[in-house]
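Terminal number for the sequence shown in our numbering: 302, no gaps in between.
Only one structure is covered here, and it is reproduced in the block below.
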Amino acid sequence: GGARQAHAAFLTPDDRYILVANQNGKLLERIDTDYNANSYIHATAATIDLANCTTPNGLPCQDPTLRPDTAPICPRVGSGNVAWITLRGGGLLVVDPDQTPMAIIGEYDRATVHPNGCGGTETNGYMWLNSGGGTANNLHEFDVYRFPLTGYSASNPPNTPARLLVFSDDVEPRDSHGTTLVGGSVWIFDRGANVAEVFDGASGEHVSTVSLLGGPSSDPTPDLADVIVSGNRIFVSLRGPLPLSGDPHVSTGTTPGIGVVQVQQGGAGGFLKTVVPISNRDAAGIERADPHGIRVRDPR
């Protein structure tokens, strides 16, 4: 019951759970999974009410200064079954999904982690996360952080363990969004600028900026992305002319579909090779297609 919107859902590495970001309800929810038995149970007792909960430090999860809007954006889960929950209004909560209800084991405020993060990629002992400009009250942002995979505890003070700011550019147009790991490089796509920023996954150094313009789309608006097993192509969802989520100033694209990025230079470069269109026109002929989530499945 209550307000519902499953904005994003991510599996835990051990395949035991699916964590769901219920944006409209400001809830983090869990589905218990048993794929062999084809069993999927909505574990309502595991839910965290992000609008009304209290952190282990006795602070409100949602607070006008600390975390003004705790609508969850993307729950990214690391190899140690620790989940990083990005928040629409800024700040971050780190959660242990194994407990019922799920337990907060880390908290970060808005000054430390800015709003609207969605991308997340694990490599070299860190979880890479970002902050974007996807809402009307936070128009343009491209921040990239690295968080350690371990060291989280309910006994820690806020903003512990410390995050590392890898990159920051908030000059219009900017909207950091989907991320994927290509070999040793972290690719982070920008819906506003129609580029991908590429970083060395070990050192954190900014390697290159890959433009997605000048080819099959005049305004691709890249959203989420995933790489194929061989590492030579990235599939990225491209937004449509009437976006269903995110503020239209950075979420509106001209070619809804799946973009295929050809990777070059061992993961340091590339270009948008083709667009596989997706169309959903209504009775009046208006294009309603608006791809968002995407995942590459290895059939082996």
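Note that CB positions come from ideal geometry on N, CA and C, so glycine has one too.
Cutoff 6 Å; reference residue i; Cβ partners in own chain excluding five residues on either side
{"i": "residue 295", "result": "226"}
{"i": "residue 282", "result": "290, 291"}
{"i": "residue 28", "result": "52, 53, 72, 73"}
{"i": "residue 279", "result": "259"}
{"i": "residue 55", "result": "63"}
{"i": "residue 98", "result": "105, 107"}
{"i": "residue 42", "result": "33, 35"}
Anticipated Cβ contact below 8 Å, residue i with residue j, distance rounded
{"i": "residue 269", "j": "residue 186", "result": "7 Å"}
{"i": "residue 132", "j": "residue 87", "result": "That belief does not hold up - the Cβ atoms of residue 132 and residue 87 are roughly 14 Å apart, past 8 Å."}
{"i": "residue 264", "j": "residue 299", "result": "About 20 Å separates the two Cβ atoms, so there is no contact after all."}
{"i": "residue 184", "j": "residue 153", "result": "Incorrect: roughly 27 Å between the Cβ atoms, too far for contact."}
{"i": "residue 109", "j": "residue 151", "result": "The Cβ separation is near 17 Å, so there is no contact."}
{"i": "residue 95", "j": "residue 63", "result": "7 Å"}
Proximity of residue i and residue j at Cβ, strictly below 7 Å
{"i": "residue 85", "j": "residue 79", "result": "yes"}
{"i": "residue 23", "j": "residue 44", "result": "no"}
{"i": "residue 115", "j": "residue 177", "result": "no"}
{"i": "residue 92", "j": "residue 112", "result": "yes"}
{"i": "residue 135", "j": "residue 124", "result": "no"}
{"i": "residue 82", "j": "residue 121", "result": "no"}
{"i": "residue 19", "j": "residue 32", "result": "yes"}
{"i": "residue 77", "j": "residue 12", "result": "yes"}
{"i": "residue 65", "j": "residue 90", "result": "no"}
{"i": "residue 68", "j": "residue 50", "result": "no"}
{"i": "residue 160", "j": "residue 59", "result": "yes"}
{"i": "residue 138", "j": "residue 36", "result": "no"}
{"i": "residue 197", "j": "residue 130", "result": "no"}
{"i": "residue 231", "j": "residue 182", "result": "no"}
{"i": "residue 303", "j": "residue 169", "result": "Any question about residue 303 goes unanswered here, given that the chain covers just 3 to 302."}
Residues of its chain near residue i, where Cβ-Cβ distance is below 7 Å and the 5 sequence neighbours each way are ignored
{"i": "residue 254", "result": "223, 241, 243, 245"}
{"i": "residue 210", "result": "200, 270, 271"}
{"i": "residue 239", "result": "225, 226, 260, 293, 294, 295, 296"}
{"i": "residue 195", "result": "175, 176"}
{"i": "residue 47", "result": "102, 103"}
{"i": "residue 140", "result": "117, 118"}
{"i": "residue 171", "result": "144"}
{"i": "residue 203", "result": "125, 126, 183, 186, 187, 188"}
{"i": "residue 158", "result": "108"}
Nonlocal neighbours in the same chain, by C-beta distance under 8 Å from residue i, ignoring five residues either side
{"i": "residue 26", "result": "5, 6, 7, 73"}
{"i": "residue 277", "result": "218, 219, 222, 240, 257, 259, 260, 261, 262"}
{"i": "residue 167", "result": "145, 146, 147"}
{"i": "residue 16", "result": "83"}
Meets three-Cβ-pair contact criterion under 8 Å: the region 101 to 110 and the region 201 to 221: The count of Cβ pairs closer than 8 Å, one atom from the region 101 to 110 and one from the region 201 to 221, stays below three, leaving the stretches out of contact.
Ordered list of beta strand (DSSP E) runs contained in the region 71 to 139, each at least 3 residues: Runs found: 74 to 79, 85 to 89, 94 to 98, 105 to 110, 122 to 125, 128 to 134.
Unbroken stretches of the beta strand (DSSP E), 3 residues or longer, contained in the region 19 to 62: Runs found: 19 to 24, 29 to 36, 41 to 44.
Beta strand (DSSP E) segments (min. 3 residues) lying fully within the region 197 to 268: Inside the region 197 to 268, DSSP marks whole beta strand (DSSP E) runs of 3 or more residues at positions 197 to 202, 208 to 213, 224 to 229, 235 to 240, 259 to 266, from first to last along the chain.
Runs of alpha helix (DSSP H) lying entirely within the region 168 to 195, each at least 4 residues, in chain order: As summarised for the region 168 to 195, there are no continuous alpha helix (DSSP H) elements at least 4 residues long confined to that stretch.
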